[in-house]
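All letters in the sequence shown, in the order written, are residues 5 to 332 by our numbering.
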Amino acid sequence: MPRIMRWHLKQFFALAWLTALEAIRQPVFLLLMAVTVFFAALLPLITAHTMGEAERMVRDSALALHFVAGLVLGSYLACAALQHEIRRGTVAAILSKPVGRITLFLAKFAGIALVMLFFSAALTITTILSTRAAAPENYVDWWAAGPLLATVPVAFLIAGIINYVTRRPFVSNAFMLLVLALGVALLFSGFFSDTGHVVKWGQPLPWKILPAGALIALAILMLSAFALLLATKLDVVPTLSLCSVIFLLGLMSDNLFGRAAATSKLSAALYGVIPNLQQFWLADALAGDGVIPWAYVGAAALYALCHLVFVLALGMFVFNRIEVRAAA
Numbered sequence: 005m006p007r008i009m010r011w012h013l014k015q016f017f018a019l020a021w022l023t024a025l026e027a028i029r030q031p032v033f034l035l036l037m038a039v040t041v042f043f044a045a046l047l048p049l050i051t052a053h054t055m056g057e058a059e060r061m062v063r064d065s066a067l068a069l070h071f072v073a074g075l076v077l078g079s080y081l082a083c084a085a086l087q088h089e090i091r092r093g094t095v096a097a098i099l100s101k102p103v104g105r106i107t108l109f110l111a112k113f114a115g116i117a118l119v120m121l122f123f124s125a126a127l128t129i130t131t132i133l134s135t136r137a138a139a140p141e142n143y144v145d146w147w148a149a150g151p152l153l154a155t156v157p158v159a160f161l162i163a164g165i166i167n168y169v170t171r172r173p174f175v176s177n178a179f180m181l182l183v184l185a186l187g188v189a190l191l192f193s194g195f196f197s198d199t200g201h202v203v204k205w206g207q208p209l210p211w212k213i214l215p216a217g218a219l220i221a222l223a224i225l226m227l228s229a230f231a232l233l234l235a236t237k238l239d240v241v242p243t244l245s246l247c248s249v250i251f252l253l254g255l256m257s258d259n260l261f262g263r264a265a266a267t268s269k270l271s272a273a274l275y276g277v278i279p280n281l282q283q284f285w286l287a288d289a290l291a292g293d294g295v296i297p298w299a300y301v302g303a304a305a306l307y308a309l310c311h312l313v314f315v316l317a318l319g320m321f322v323f324n325r326i327e328v329r330a331a332a
């Protein structure tokens with residue numbers, strides 16, 4: 005590998021890692037993630053006694069929370085990673101190292117994407133445990149609900165103790181401990197049936213939620229790329245507003261643009277540019293014994309990759325042409 009390529013890769017990975025670290029140190033990120041996890045954990049208690057529909061309601065609600073919270077967090081982190089640093093003069097300082105603009109832009113997205121993948125993994129685990137807790141018709145499965153409800157307070161308590169004893173940052177430690185606690189809760193819950201009997205690990209868990217969570221994670225990555233594109237020019241509120249519009253249009257893409265795409269060039273262009281998020285929201289496919297084939301997830305990943313390439317290329321084009329100034 006040529007030395008110059010190794011140098012650029014080293015810069016890329018270093019900047020991506022720093023971006024990810026800065027993202028998990030954002031108090032807003034931790035707060036919204038913790039609230040989302042805890043509220044999803046409460047869903048089995050809120051939706052009890054719903055004529056056999058509790059499992060479906062909890063699953064669909066938790067997946068919707070995953071999707072919407074991912075949209076908000078992706079937009080916020082994109083602005084924190086790019087627009088805020090442009091205003092503070094940090095970007096100008098980095099570009100003077102020298103670091104190429106393309107390397108910096110792609111590294112920013114890679115760091116955000118890494119954090120959002122951890123977020124999606126955490127919310128997918130939460131959905132699995134919350135759905136299992138609501139599966140019994142007349143009671144809550146506390147072998148799933150108990151460990152899940154404990155994850156947020158336990159993670160915060162341990163992070164607080166670590167912060168008090170070692171002065172290490174609370175926010176980033178709490179984030180990592182929350183993800184770890186969710187993994188431990190899943191591991192523990194998988195060994196017990198709803199009556200408390202030891203079973204083969206994983207048998208009582210609704211694994212069919214995994215592909216649905218993977219599809220939402222892909223959609224969140226696409227929305228985060230759009231947010232980073234917008235963050236080259238806009239702050240948090242307009243970026244989140246426009247991403248919300250893209251989110252809503254994407255969920256209605258087939259009805260709004262798909263039918264007219266064959267006869268209207270404008271509709272065809274919008275149908276191609278706006279991500280078809282309807283293809284990533286398949287909660288209805290999980291009804292009853294329904295499953296989402298992993299082959300479909302693979303095809304959706306290819307579609308998402310094409311959109312990411314297009315949006316990131318457009319973002320690099322815009323970022324190359326904006327003026328960045330050093331801090332006054």
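Every residue gets a Cβ at the ideal spot worked out from N, C-alpha and C, and that includes glycine.
* From F314, R171, V39 and V72, pick the residue whose C-alpha is nearest to that of A230; which is it? -> Here residue 230 is Phe; the residue named in the question, Ala, does not match the sequence. Per the Cα distances, F314.
* Does any heavy atom of the ligand HEM sit closer than 8 Å to the C-beta of I166? -> Although the ligand HEM was asked about, the structure shown includes no ligands whatsoever.
* Answer with buried or exposed for I50, where buried requires no fewer than 16 other C-beta atoms within 10 angstroms of its C-beta. => exposed
* What are the start and end residues of each continuous alpha helix (DSSP H) run of 4 or more residues lying completely inside the region 220-296, in chain order? -> 240-255 and 269-277
* Asked: Thinking just about the alpha-carbon of each residue, which of Q30, T23, A305 and V62 is nearest to the one in A149?
  -> V62
* Asked: Shortest alpha-carbon distance to P242 belongs to which of G74, K14 and S79?
  -> S79
* Selected residue, minimal CA-CA separation from L81, among L227, Q282 and I8 -> L227
* If I'm right that I220 touches H12 with Cβ under 8 Å, what's the distance once you round it to whole angstroms? => Contact flag wrong, Cβ pair sits at about 32 Å.
* Asked: Among the residues of its own chain, which have a CB less than 6 Å from the CB of F160, if the five just before and after it don't count?
  -> A178
* To do: Could you tell me whether the region 86-96 touches the region 132-152, using the rule of 3 or more Cβ pairs below 8 Å?
  => no
* **From M37, A291, G104 and Q30, residue whose alpha carbon lies closest to that of P210** => A291
* Asked: Which of the three DSSP states, helix, strand or coil, is assigned to V62?
  -> helix
* Asked: What are the start and end residues of the alpha helix (DSSP H) that includes L86?
  -> Careful: L86 lies outside any alpha helix (DSSP H) and carries neither H nor E.
* Asked: Is A20 closer than 9 Å to K112 when the C-beta atoms are compared?
  -> yes
* Mind pulling the alpha helix (DSSP H) runs of 4 or more residues that sit fully within the region 132-215? -> 146-170 and 174-193
* Below 6 Å CB to CB, which residues in the same chain sit around V203 once its five sequence neighbours on both sides are set aside? => S197
* Asked: In three-state terms, what does DSSP make of V103?
  -> coil
* To do: Please list, in chain order, all residues of the same chain as A303 whose beta carbon is under 8 Å from its beta carbon, the five residues on each side excluded.
  => none
* If A218 sits next to I116, beta carbons under 8 Å apart, how far is it from one beta carbon to the other, in whole angstroms? -> Actually they do not touch by this definition, with Cβ atoms about 18 Å apart.
* **D64, buried or exposed, once every other Cβ within 10 Å from all chains shown has been counted against 16** => buried
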